[in-house]
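Participant:
2 protein chains.
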Amino acid sequence: MTVTTPAGFEAAGVAAGIKANGHRDLALVVNRGPRFDAAAAFTTNRCQANPVRWSRQVAADGRVDAVVLNSGGANCYTGEQGFQTAHATAEAVAEQVGVSAGDVVVCSTGIIGHQLPLDKLVGGVSAAAAELSADGGSLAAEAILTTDTVAKEVAVRHPDGWSIGGIAKGSGMIAPGMATMLVVVTTDAVIEAAELQQALDEAVRHTFNRLDVDGCMSTNDTVTLLSSGASGVSPAHAEFVARLTEVCDVLAAKIQDDAEGASHTIDIEVQHAADEDDAIEVARAVGRSNLFKTAIAGNDPNWGRVLAAVGTTQAAFDPFDIDVTINGTRICHAGQPDRDPATVDLTSRAVHVLIDLKSGETTGMVRTSDLTHEYVEINSEYES
Amino acid sequence: MTVTTPAGFEAAGVAAGIKANGHRDLALVVNRGPRFDAAAAFTTNRCQANPVRWSRQVAADGRVDAVVLNSGGANCYTGEQGFQTAHATAEAVAEQVGVSAGDVVVCSTGIIGHQLPLDKLVGGVSAAAAELSADGGSLAAEAILTTDTVAKEVAVRHPDGWSIGGIAKGSGMIAPGMATMLVVVTTDAVIEAAELQQALDEAVRHTFNRLDVDGCMSTNDTVTLLSSGASGVSPAHAEFVARLTEVCDVLAAKIQDDAEGASHTIDIEVQHAADEDDAIEVARAVGRSNLFKTAIAGNDPNWGRVLAAVGTTQAAFDPFDIDVTINGTRICHAGQPDRDPATVDLTSRAVHVLIDLKSGETTGMVRTSDLTHEYVEINSEYES
């Protein structure tokens, strides 16, 4: 159940020698048609990596034939040489796979500010092209990992005969306001590019853009959605969006669960908000509070830190009529202490925080994780 | 050199039994006149502690005769009972010191969501009133500490015969957008309340509001400025603002230096910004990047993480014409690698990051610190 589950796709993942440790570091996903509709979403960070600059142009016309992804280097802030590297990688794919370079999306992930070794990229593309297979999705998923500890893949099959599959990488530098992390999603449903883009935008908004591991927005994030049309089935738009959202949500949850150093996943749900923006603004403020995230790391249901974060937002609420419930125990009612926080069970990995704003009818959720010693360890030693 | 350095002020710091460890936990600063002009600045967090709710009313008329401060509990989200506790504390001060309760600012700091023990507060106020002295500033500075490791005090004397002194507490839950942390500043200069407020707003904007330890905004922050007029000297406004800013800046630097778990202080300076807002927005975005802060904790001059944070802002800049210099070594020039990051010396505690936006003539700086294992340790164990 991966990116090659939908008919019409082949993939591969190889060790191109970009990563010093010899792990797989180059992935290729190819659409064999008969259709080549595509959509993409990119980071909204104004400092964009060279592969993003390249791939924006590629995806603009709604056709993508292949996606090549490397770990081991972000190719960001590498100047004109870095852009040429991205372009040359696409040319190598074009030559090996028999497509046009202008239809090849390039994605990179890793350290910013280092040139990628073009010779190794080109060698890796040749090796990957030779290994392309309809069973290759899992190796591709493995080849895009950086600080991730597990490969992330998923697929859903619709009873009508079409399916959606996907792979993702991401465990740090994850914050919303973009299409987060590197993701390739495929489908064999027959859908035109414009409708694909509409569906992707909607799915991303409700999934990847509600994931916030550390409030740090990446320069490289790219989500590419490819449709081969190989099933011959044209699903209803709403049905497709629902299934696509499901796939993206599973991948987002896998990224949340693999967040750097996390000992708890934290779902922050805001209910009775005036509107969706309010719900997400409040949930995000709490999800970005280092004090709240360290408290959860220490198994401390510190609702004071929840309210301190809520108070920084512009959402509609009465500061003295908010309830906070953690893992089912309401410990703050109407802005005052309620049940004893000592009765909250925080031993499970999954933590659910429910904030009741009592100001409307909308519910929204942001996924985050706790801030642990291990997060500091990983990110203070990443470069060396 | 402390809050009692200016003539006309007395202070005390006692152990009232609010803190379980028996440390000093209640401070009193009293203005003995002849004038009683005052100004104050409070947190902009919408979830405000009861002492803030009380003290806003007190300071509104430009007269404050005394400030009572306790550590060991924030008296925030403690409902009507908590507001009555703040009021009753002011009444106790009024009775013991011979002033009106309506002229007594109350400040609290510590855990949110616990009722303060009123009997211990009242007992502490009696003890402190009995020990009030013109040498008591340092004991007051000690009594307001929480996770702080050192007392923070300062004073400057002007050749014309007036002075400004201050004390502060704060080491975590520190972010701008407010009058940060608990601070009492005194002066014996003759200045009317309205001018004091103007001077305080200006000084706070350039000092405490440019301090960002962890991006977490407190519910209790209060800066109170008291003028006794005891020197009989009326300084020029610009001169007073300059000296007041100097005092606030020293206190802000002391808080930065005592930031929870910090192994580096980090001054983030942005130059050639289009305007002050741009400079501060960019500096703040970098100062709040957990990835950048953990990199510095690991002695890693990771300029890619600097630019990734800069890219999240709306400031005027060309992403491909930015320079980044760390501790004097320019490691990114025009958005590309410059000198070898390995040559950057990060062994000193003080780190200076200089970001050149090349978009104007304005410079601005934000003070922050690194994100370490010890920050996680302190904040995951604070409640227990």
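Protein sequence lines, in the order shown, are assigned to chains A and F. Anchor point for the first sequence: position 216 equals 216 in my numbering, and the numbering is continuous, going up by one each time. Anchor point for the second sequence: position 84 equals 84 in my numbering, and the numbering is continuous, going up by one each time. Glycine is no exception: its CB is placed at the ideal position from the N, C-alpha and C atoms.
1) Are the C-beta atoms of Ile18(F) and some chain A residue less than 7 Å apart?
2) How about Gly73(A): is its C-beta nearer than 7 Å to some C-beta of chain F?
3) Quick one: which residues of the segment 330–345 of chain F get their C-beta closer than 9 Å to a C-beta of chain A? List them in chain order.
4) If we define contact as Cβ-Cβ less than 7 Å, is Met178(A) a contact residue for chain F?
5) Residues of the segment 107–126 of chain A in Cβ contact with chain F at a cutoff of 9 Å, in chain order, please.
6) Just the C-alpha distance for Asp321(A) and Pro337(A), rounded to the nearest angstrom, thanks.
7) Strictly under 7 Å for the Cβ-Cβ distance: is Glu246(F) near chain A by that measure?
8) Considering Cα atoms alone, identify which of Val344(F), Val324(F), Ala259(F), Phe292(F) is closest to Ser380(A).
9) So with Cβ pairs under 7 Å, would you call Glu269(F) a contact of chain A?
10) Within 7 Å (strictly less), CB to CB, does Leu307(F) reach chain A?
11) If you drop the 5 nearest sequence neighbours on each side, which residues of the same chain put their C-beta closer than 7 Å to that of Asp257(F)?
12) Give a yes or no on whether the minimum CB-CB distance between Asn379(A) and chain F is below 7 Å.
13) Which residues, in order along the segment 365–376 of chain F, keep a beta-carbon less than 8 Å from a beta-carbon of chain A?
14) The beta strand (DSSP E) spanning Leu225(A) covers which residue range?
15) Please report the distance separating the alpha-carbon of Ile278(A) from that of Ala316(A).
16) Under 9 Å Cβ-Cβ, which residues of chain F neighbour Trp303(A)?
17) Would you call Ser71(A) buried or exposed, if buried means 16 or more other Cβ atoms sit within 10 Å of its Cβ?
18) The alpha helix (DSSP H) that contains Glu269(A), what's its start and end?
19) Should Gly17(F) and Ala27(F) be called a contact, given that it needs their Cβ atoms to be closer than 7 Å?
20) Closest Cβ-Cβ distance between Arg46(F) and chain A: below 7 Å?
21) Report yes if the C-beta distance between Ala143(A) and Arg32(A) is below 7 Å; otherwise report no.
22) Could you give the DSSP three-state label for Ala390(F): helix, strand or coil?
23) Considering only DSSP beta bridges, list what Gly165(A) is partnered with.
24) Whose C-alpha, out of Asn75(F), Arg349(F), Val58(F), Gly298(F), is nearest the C-alpha of Thr224(F)?
25) Let me know the alpha helix (DSSP H) ranges lying completely inside the segment 283–330 of chain A, each 4 residues or longer, listed in chain order.
26) Between which two residues does the beta strand (DSSP E) holding Phe208(F) run?
27) Are there 16 or more other CB atoms within 10 angstroms of the CB of Thr347(A), so buried, or fewer, so exposed?
28) Which residues of chain A have a Cβ atom closer than 9 Å to the Cβ of Gly287(F), listed in chain order?
29) Quick one: Cα of Phe131(A) to Cα of Glu10(A), how far?
30) Going by the DSSP bridge assignment, what does Pro337(A) pair with across the sheet?
31) So, are the CB atoms of Trp162(A) and Ala189(A) less than 7 Å apart?
32) CA-CA distance, Leu121(A) and Val67(A)?
33) For Glu383(A), which of helix, strand or coil comes out of DSSP?
34) Answer yes or no: do Ser369(F) and Ala262(F) have a C-beta to C-beta separation smaller than 7 Å?
35) Specify whether the segment 240–250 of chain A and the segment 322–342 of chain A touch according to this definition: at least 3 beta carbon pairs, one from each stretch, less than 8 Å apart.
36) Which same chain residues end up closer than 8 Å to His272(F) when comparing Cβ atoms and leaving out the 5 residues on each side of it in sequence?
Facilitator: To lay it out plainly:
1) Taking CB atoms only, Ile18(F) has no neighbour in chain A less than 7 Å away.
2) No - not a single Cβ of chain F is within 7 Å of the one on Gly73(A).
3) Residues Ile331, Cys332, Ala334, Gly335, Gln336, Pro337, Pro341.
4) Any reading at Met178(A) must be qualified, since the residue scores a pLDDT of 35, below 50, and its modelled position is unreliable; the value itself is stated next. Judged by the 7 Å Cβ criterion, Met178(A) is not in contact with chain F.
5) Cβ proximity to chain F below 9 Å picks out Ile111, Ile112, Gly113, His114, Gln115 from the segment 107–126 of chain A.
6) The straight-line gap from Cα to Cα measures roughly 12 Å.
7) Closer than 7 Å: no.
8) When Val344(F), Val324(F), Ala259(F), Phe292(F) are compared, the shortest CA-CA separation from Ser380(A) is found for Phe292(F).
9) Chain A contact via Cβ: absent.
10) With its beta carbon less than 7 Å from one in chain A, Leu307(F) belongs to the interface.
11) The residues are Thr265.
12) Cβ-Cβ to chain F under 7 Å: yes for Asn379(A).
13) So the close ones are Leu371, Thr372, His373, Tyr375, Val376.
14) It spans 222–227 - the beta strand (DSSP E) in which Leu225(A) sits, taken as one unbroken run.
15) First, the residue type needs correcting, since residue 278(A) is Asp and not Ile in the sequence shown. Straight-line measurement puts the Cα of Ala316(A) at about 7 Å from the Cα of Asp278(A).
16) Those within 9 Å of Trp303(A) in chain F are Tyr77, Ile112, Gly113.
17) Buried: at least 16 other Cβ atoms inside 10 Å.
18) No alpha helix (DSSP H) contains Glu269(A), which is instead part of the beta strand (DSSP E) from 265–273.
19) No.
20) Yes, its Cβ sits closer than 7 Å to a Cβ of chain A.
21) 7 Å or more divides the Cβ of Ala143(A) from the Cβ of Arg32(A).
22) With chain F running from 1 to 384 in the structure shown, residue 390(F) is simply not present.
23) DSSP lists Ala155(A), Thr186(A) as partners of Gly165(A).
24) Ranked by Cα distance from Thr224(F), the options Asn75(F), Arg349(F), Val58(F), Gly298(F) are led by Val58(F).
25) Qualifying alpha helix (DSSP H) stretches, in chain order: 290–297, 303–310.
26) Here Phe208(F) belongs to no beta strand (DSSP E), and DSSP marks it neither H nor E.
27) Thr347(A) is exposed by the Cβ-count criterion.
28) Under the 9 Å cutoff, chain A gives no residues; its nearest Cβ is about 12 Å from Gly287(F).
29) Per the sequence shown, the amino acid found at residue 131(A) is Glu instead of Phe. Here the C-alpha atom of Glu131(A) lies approximately 9 Å from the C-alpha atom of Glu10(A).
30) DSSP lists Cys332(A) as partners of Pro337(A).
31) With respect to Ala189(A), Trp162(A) sits close: the two C-beta atoms are nearer than 7 Å.
32) Cα-Cα distance, rounded: 14 Å.
33) Reliability fails at Glu383(A), whose pLDDT of 49 lies under 50, so the model's placement of it is uncertain and the value that follows must be treated cautiously. Judged by DSSP in its simplified three-state form, Glu383(A) adopts coil rather than helix or strand.
34) A contact, by the Cβ cut-off of 7 Å.
35) They do not touch, by the three-pair rule.
36) Around His272(F): Asp356, Leu357, Lys358, Ser359, Gly360, Glu361, Thr362, Thr363.
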